[in-house]
Each structure stands twice: as structure tokens, then as C-alpha cells.
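Chain order of the listed sequences is F and L.
Letter 536 of the first sequence, counting from 1, is numbered 1073 in our numbering, and no numbers are missing.
Letter 149 of the second sequence, counting from 1, is numbered 1070 in our numbering, and no numbers are missing.
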Amino acid sequence: MNELVALTVVGVVYGAVYAITASGLVVTYATSGVFNFAHGAVGMVAAFSYWELSVNHGLPVPLALAIVLLVEAPALGLLVELLFARQLHAASTERSLMVTLGLLLVLVGAASSIWSPESARILPGFFPGYSARVLGVNLTGQEILVVGVAVAVAGALWALLEHTRHGVAMKAIVDDPELLSMAGASHARIARSGWVLGSVLAAIAGILLAPLVTLDITTLTLLVVNGYAAAVVGRLKNLPLTFMGGIALGLLQSYAVGYMPQSWQSWLPGIRTALPMLFLFAVLLVLPHDRIRAVGQAVARRAPRVAGGRESLGWSVGLAAVAIAAGGLLSGIGVVTVSQGFAYGIIALSMVLLTGYAGQVSLAQLTFAGVGAFVAGRLSGGSTWLGILAAVAIAGALGVLVALPAMRLKGLYLALSTLAFAQAATYVFFDSSHVFGTGGALAVGRPGIPGIDVSSGRAELVVLAVAFALCAIGVLALRRSTLGRRLVAMSDSPAACATLGLSQRPLGIAAFGMSAALAGFGGALYGGLQGQVGANDFGLFGSMTLLLLAVIFGVRTVSGALVAGMAFAALPVLQSHVSWMTDLLGVVTGAGVVLVGRMPNGIFGMERPDRRAVRSPAAAARVPEANRHAELAGDHASIS
Amino acid sequence: MQASPEAPGSGPEIALEVEEISVRFGGLQALQDVSLEVPAGTVCGLVGPNGAGKTTLFDVITGLLEPDRGRVRVGGVDVTSLPAHRRAKMGLSRTFQRLELFWSLSAGDNVKVGVEASRARRRGGSAHPDDAAHPESTARMLMDRVGLGDLAEAAVDCLTTGSARLVELARALAVQPRIILLDEPGSGLDSAERAVLADLLRDLAASGTAVLLVEHDVDLVMRTCEHVTVLDFGKVIASGTPHEVRSSPAVQAAYLGSSEASR
Ligand SMILES: Nc1ncnc2c1ncn2[C@@H]1O[C@H](COP(=O)(O)OP(=O)(O)O)[C@@H](O)[C@H]1O
Ligand SMILES: [Mg+2]
């Protein structure tokens, strides 16, 4: 009984922090229409800044708090809003998702350059030494403060939204997101205050959380997943439900610590850490179904040209020739890097299929690659083609399994569920010693090819180049097929597809399965190239970074995928030449996405110059081009 | 004018039947007890000022919007609880007032998606004369039919609004619908394109298709529709032949008068 009370109290404390961070997410999302994936990163930066000021520079606590909460956090929120949130207002879910993911990488990269992860830092709690007994449980001052702040935040939000004019206008939008679609000066102001308020709430949560867990960049950035889960309980708009969701998650975690059978623990050591992800996944699955809606399209987005069969064959032969030549010219490290680039390129091709064509965002592509490498490694050390085949099949099947329940979700919610899946897979599966072996290094071999000595790095380079070329030919052929047209059509207008008799679910599941299979293939080849792989090769940040690189270079083109793979392999190598920054890959990628945010098709998918209007030959009267889709001009972006 | 439409003629079967549909958006009653019927082989008009609820009714009929009350029947079968794609497979097709084109595909490929969708639908069912043809050539034939024969390769965002609407029309026809709902197909069309449209509407009716037409062009409505239903603020205020409806004082006050005055 006492134990139950103690676990409940602890659960409420943690749940309170989740509730604070989640309420910030909701306020920003509901007023601006942008789900801020960098919300946790903002809290992380705030916690580190507070440490810098109060611990490192010895400023008094109130002053340090005032600087972080009243200056830095609002400024960060405003900056985000000014930089790109406003242009996101009318953009697709997919674009706003990419830009906030980019911001996440920039903030994480900047923080790790300023506060090197090598040295440990300790952020002491507030009121050290103070403790009180509540319901027979000893609580530290920090823990009492957390609950108090959560109550105060809830009260302040209530007072703001119910009793001030500006707040009532904000609440009107929170309650009825349709209003958001109507452009107007007052709505821009409301969105701006939404960003500022959200940013301050993220900062409060970060500063409260750091002493309870640890002052660590990745931990604090990813703890926001708990906030995502709570926010999704409130369907990203209901604040009371969001608070309840946060508390429920805190309690669930706490009870799991106390009551989960020891046998589960030894069998799946990561199960406790993965609870928030499983919670998020479960909540997403019970969300009410969104109906397909006709929304019209504000901005016509034209796809890059699709290469024909003969043309893609020609390019492939060229690519193989370049690989043979490069093998002779490059140094050892160069050969390995370019080979890795081809393997990553294949994984990036899986993103072309899923994101570029089908318009769905997955943050779990490296997870599928990891599954591929694991299967290949476990089956005869990866040195047989049967192992590769099994890797493709099992990764594809897993993709279908993830998509089956998640497919009725779209856009943002689907992306969130893949994020939950990727993180849970890392904790429960990849980190387990049953998977990549003790110490996290599973040996993966290379399948033999008659007449070629695949143990040489140069031969492997050519093999990987040819494998990439074959995959690219396959992806382009798919795009030209009936299925490919349907995937693109479904992404462009689900409503029109439905009225033609095409249903969304099987198409989405097919796209997800094929894309996971392709990622699994890339992962298996990557494993063979590396010789051994571990959980670190297939993390969530890796998936995000590769996806963003694909977006930068053109996620709708195979050339974009190739360059993205190469950049993903090469940037860490260049890192050794850049000493002042510790996360070159993350910062370059994040900044790149923010910069190319206006380019819907990325660098390699830029529009051809011939944008002249084509008129019907029957046209007797000329319709000025300015009138094209004039009635669409007042159209709105769809939320969710 | 009475609110319930008389069945025009007694012969043809009723292809589409809408019964007492009501839809509320927050504080706005967008549709209230709207009923209408479209017999096979006729063109019926649905008119009314902007915001009357015409597009909302189309969304309800095609399954994109769930009504608060009322039923929709296609060929006598109640489809109210079916999802949009299942209704489409029963022969229901539409165009959109706000264009819903596949912007990443060429004009011809937009139509081809429709052709291929209907082909999958009829697989195993009765053979259709078009099935022998390649989807490519069927798509081209449909583009010809709407007068866009040589624009198959064009990117749809390069088209004029009128041509883009015609692409949507061709795509909607590609599934060989028994019932087709057209939401302001004439807006943005020039006079030549409008003539093509009028001919096409008559051809469709002659071949047994039921057409429900939302259109602001009074002339087009008068020339092609056998029966017209008038909506205003979500309610049916009149229904009958175009001439009956036109002479109704309620209609003149609500729609035709203001519309003609603004022209
Ligand atoms: N999704 C929606 N949410 C709220 N109101 C809507 C929505 N769709 C349409 N409306 C409103 O319903 C009314 C009917 O709209 P609509 O059916 O588009 O009219 P029409 O097609 O006759 O011009 C309008 O007042 C419109 O503003
Ligand atoms: Mg309308």
C-alpha cells in the first residue's frame, strides 16, 4: 500500500513535467498549425543555458531564470516564427515537419559544439537539502516545485485563455482550427504569441526536468517524446486532456518500475525505457479516424521529370564505370566512404519511394535497415544471398506490420508513430544483447559473386554502385507503373482518389512495405561493407538526418537520393577537419533544410524553365495566365 | 413551390436518391432536410447562390462528409455508411469546384489513373468494349472527348483553369460512371470549351448516365437540364423544370435575380 502511494507520488511528479512540455507543444500547434519537433531541443538548450549562467558563471538563480525564461526562450520562439514558421503557414504537413526536424538537428548540433558531451555536468535541483513528507513519502524540494509549477502553468493558461482578450482569441483558434486557415494580421500575431508561449513552456519543462534525470543533450531532446504522447492524448488541441495524458504517462512509468515482473526485465531490458514510445504508439492507434477531405491545393507542386527505362539504364552503366574509375583513384578511406555512400543511397531510395512518391514521412528507415543488417548477419553471417533475401523479406514484412495499424493515420500522426516505433525498437530490440551481441557488434559478411573477389574494397565499391543502380532502375520503373501513378495520385489528392474508387489503406501499406524492404536491403549491404554493425549505426537521429539530406537534395529524384547518401557518408569524414564544431553533419543538414525550405523538390528536383501556360487548342478567347487557379488563391492549408 | 421534387417522368429508374440530408458546421446549418432525385439518362441542375450548400451536398453524396441526418441511395442501394471509394465503385463519380488534380502528373496521366482504377474495378466482371484498348489510348480518347486531344503531355499546373477543369471532367468520365456530379464545370471555360461541355452533357444523358450539375451559367442550365433544384441557405426553396424554377418569385429573389444582376 505504501509502495503504491510512493509510486503514485513519483509518477505525478514526472507526469507534471510531461504535462508542462506537452501544453507548450499544443499551444504552438493549435495557434500556428506547426507541430514543433524541436520542442524538446528548445527545452534542452534552455536547461544548458541555465546551467551555464547559474552554475558555470555563478549568477544568482532568479537572475539566471529570468534571463533564460524571459529573454532567451521568447527570443528563440520569435526567431523560429520569423525564420520560417510563417512561410510554413500555408505549406504542407510534410514541409513543416522537415523544417522543425532540421531545427532540432541545428539546436542539438549547436549545443554539442558549445557544451561538449564528453564532459559531465550536474544541474542541482532547486531548494537543495529541503524535503517534506507528503502522504508518507519523502519529497525533495525540486519534486514539490515541479508539481507546484505544473499547477501554476495550468492555472496561468486557464486564466490567459479564458480571461484575456488576446487569450480568448487564441483559444478560439485552439478550439476551432478551421479558423487558423483564414489568413489575417491578427492570426499572425496569435501565431507569434503561440510560438513564444510554447518556447517558454518548453524551457520551463527543460529546466525542471534536467535535475530529475540528467543534463544530457540527447536525453533531454528525446524526453519530449513523452510530451508528444501527452499532447496526442489531447489530440493536439485539448489542454485539460493533455495535462491528464502527461500525468497518466508519468504514473504508467512509475508503476512499471514498481510492478513490472522481473522476468520481463531480464528478457527485454529496454522495455521500461521504451514505455513512453509504446504509450504514444498505443494512443495514436486509438485516435478517432480522420475522414478524407477535399481541400483543393493552394500551391501546385510539379514533380521533377521521371527518367524513362532506357535513360535510367544508360545512367546506371555510367555510374558503374565511374565507380570502377573511382576505385582506382581514391585512397582507402575514400573507397570506404564512397561505398558507404552507395549503401546509404539505397536507404535514401527507400525514402524516395515513401516520401517522394507516396508523400508519407517515416522516421524509422534506418531502423528497417538495422533489421536488414541483423537478419543478414544472423543468417550465415550475411555471406549468402539467401541471407540478403531474408533481410529484404523480413524488413518488408515488418514495414507492413508497422503500417497496418498506423496507415489510417496520415502525415504528422504517421510520422509520430514511426518515431515511436524507431525509438522503441532501439531500446527494446537493438540495445538488447540478444540482437547485436554483447558489446553491440554483430558480424555481417558479404555474399560472394562468382568470378569477383568481394573481399577487396575496390570490388565492393563496384558491387555497391551496381546494387544502387539496380535499385534506382527499380524505383523509377515503379514510378512509371500503375502502382507508382497511384501512389503519387494518392499523395496529391486523397479525395480525388477516393472518388475514383481507390482506397488509401492498401496503397499506403504497399508503399510502406516496399520502402522498408528496400531499406532492409541497403542495411544488409551496409553491414557487409562494415563487417560488423551495432545499435549506433541505426539510430533515430541517423534516420532523421538521412531523410533531411534526401529532402535537401531532392527526395523525389534518385539522383537526390544518391547525393544524400554520399553526403551522409562524407560529412562525418570531413568532421575531422572542423574542430570548432562537433556535429558538422547535424548542423549542415539542419541548416540546409531550413534554407531549402522554399524549394519543394530539393536541389536536384528544381523546376525546368519552361513554365509557359498551355492552352486548349479550342480556346477562342485568351484567358490571362494571372487568372489561373485564381479561385484557389484564398485556399487554406489543411491541418493534421 | 413545394419543397419535395416530383419525379420527372415515370419511366427511367432513379439512379441517385438523396433523402432529407442535414449537415451542421458548428453554428452554421449548411444543409437542412435536402432531398432530390436524379433519374438515369437525365441532366438535373442544382443551383443556388454561393454558400448555399451545393458543394457540401456533393461531399455528402460522394462520401467525403458524413451527414448528421438523412440517407443517400445509389441505384436503390443505401450507401450512407459506405466510404467514398466503395461508393465510387458503384458507379458514382464527380469533379471538384476547387480543383483536386494530381499536380505531379501530366494531364494524360491524371486521366490514366482513372482509366486504370475502373479497369481494376471491372476485372472479373462483365467485359467492357474499352477493355481491349490500352489504358494509354483510352486516356487519349477521353482527352479528345473533352477537346484537349493534344495536351496529354502537358503538366497540369501549366493549364488554364478551363482546361484543368476539363482534365478533371475527363478523369471523372474515365471510371465510366453511372452517376456523375459536376461542381461548376463551366467556370473558367471559354465559349468554345463551354460548347464542348454542353454537347458532352447531352451525350452523357443520351447514353443513360445520370448527371447532377452545379452551375452558375444560367444559359447552360436552361439548355441542358431537365429538372432543377434550387438551394438557398441549405434549404430547397424550389424544384421543377428550368422554366418553372426560373419564374418562381422565391428563386428570383434568392438566386437568379441577384446572379443576373451581377453578370
Ligand atoms: N468544412 C467546413 N467547415 C465549416 N463551414 C463550412 C465548411 N465547408 C463549407 N462550409 C460553409 O458551409 C456553407 C456552404 O458551403 P458550400 O457547400 O461550399 O456552398 P456552395 O457550394 O453552394 O457555394 C458555406 O457557408 C461555407 O462557408
Ligand atoms: Mg460550391
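No residue lacks a Cβ here, since even glycine has one placed at the ideal position from N, Cα and C.
- Only those residues of the region 1005–1032 of chain F whose C-beta falls short of 7 Å from the nearest C-beta of chain L are listed: Thr1019, Arg1022, Arg1023, Val1025, Ala1026, Asp1029, Ser1030, Ala1032.
- Between Glu940 of chain L and Arg1019 of chain L, the gap from beta carbon to beta carbon reaches 7 Å or more.
- Chain-ordered, the chain F residues with CB closer than 7 Å to the CB of Thr983 of chain L read Thr1036.
- Closest option to Ala706 of chain F, judged by alpha-carbon separation, among F:Ser1018, F:Arg726, F:Ala691, F:Gly692: F:Arg726.
- Residue state for Asn1138 of chain F is assigned as coil, using DSSP reduced to three classes.
- Between Arg1015 of chain L and chain F, the shortest Cβ-Cβ separation is below 7 Å.
- Under DSSP, Cys965 of chain L forms a beta bridge with L:Leu1133, L:His1148.
- By the neighbour-count definition (other C-beta atoms within 10 Å, threshold 16), Ala740 of chain F is a buried residue.
- For Glu1021 of chain L, the closest Cβ of chain F is nearer than 7 Å.
- The beta carbon of Ala647 of chain F sits closer than 7 Å to those of Val1124, all from its chain and outside the five residues before and after it, given in chain order.
- Separation of Leu1121 of chain F and Leu1108 of chain F (C-alpha to C-alpha, rounded to the nearest whole angstrom) is 7 Å.
- With a cut-off of 8 Å on Cβ pairs, the region 806–821 of chain F is in contact with the region 766–774 of chain F, counting three or more such pairs.
- Counting along the chain, the unbroken alpha helix (DSSP H) around Val564 of chain F starts and ends at 539–569.
- Judged by beta-carbon spacing, Val1088 of chain L lies beyond the 7 Å limit of Leu1063 of chain L, meaning their Cβ atoms are not closer than that value.
- The three-state secondary structure of Ser1039 of chain L, taken from DSSP, is helix.
- With respect to chain L, the C-beta atom of Ser656 of chain F has no partner C-beta closer than 7 Å.
- Bounds of the alpha helix (DSSP H) holding Gln679 of chain F are 678–700.
- In this chain, the beta strand (DSSP E) harbouring Ala1159 of chain L covers 1156–1161.
- With a cutoff of 7 Å on beta-carbon distance, Ala978 of chain F and Gln1067 of chain F are scored as not near each other.
- Counting only the Cα atoms, Arg702 of chain F lies some 52 Å from Ala1106 of chain F.
- Annotation: the region 1089–1137 of chain L contains the following complete segments of the alpha helix (DSSP H) (minimum length 4 residues), in chain order: 1112–1127.
- Around the beta carbon of Gln960 of chain F, 16 or more other beta carbons lie within 10 angstroms, which makes this residue buried.
- Contact between the region 681–698 of chain F and the region 549–557 of chain F is present: 3 or more CB-CB pairs across the two stretches fall below 8 Å.
- In its chain, beyond the 5 residues on either side, Ala961, Tyr964, Val965 have a beta carbon closer than 6 Å to the beta carbon of Ala811 of chain F.
- Rounded to whole angstroms, Tyr881 of chain F and Leu1122 of chain L show a C-alpha spacing of 54 Å.
- The residues Ala880, Ile883, Ile884, Ala906, in chain order, have a CB closer than 6 Å to that of Gly1059 of chain F in the same chain once the five nearest residues on each side in sequence are set aside.
- A distance below 8 Å between beta-carbons, with the five flanking residues on each side excluded, links Gly1139 of chain F to the following residues of its chain, in chain order: Ala1087, Val1088, Ile1089, Phe1090, Gly1091, Val1092, Arg1093, Thr1094, Gly1097, Val1133.
- The beta-bridge partner set that DSSP reports for Val995 of chain L consists of L:Leu937, L:Val998.
- In this structure, Ala936 of chain L keeps its C-beta atom at 7 Å or more from the C-beta atom of Thr977 of chain L.
- In this structure, Ala1159 of chain L has its CB at a distance of at least 6 Å from all heavy atoms of ligand 1.
- Contact annotation, Thr1145 of chain L with Leu1134 of chain L: C-beta distance approximately 7 Å; criterion of less than 8 Å satisfied.
- Leu638 of chain F and Asn775 of chain F have their C-alpha atoms roughly 24 Å apart.
- Within a 10 Å sphere around the beta-carbon of Phe585 of chain F sit 16 or more other beta-carbons, which makes this residue buried.
- With respect to the 7 Å criterion, Gly1064 of chain F and Ala913 of chain F are classified as neighbours on the basis of their beta carbons.
- The three-state secondary structure of Ile884 of chain F, taken from DSSP, is helix.
- Secondary structure of Phe1105 of chain F (DSSP, three-state): helix.
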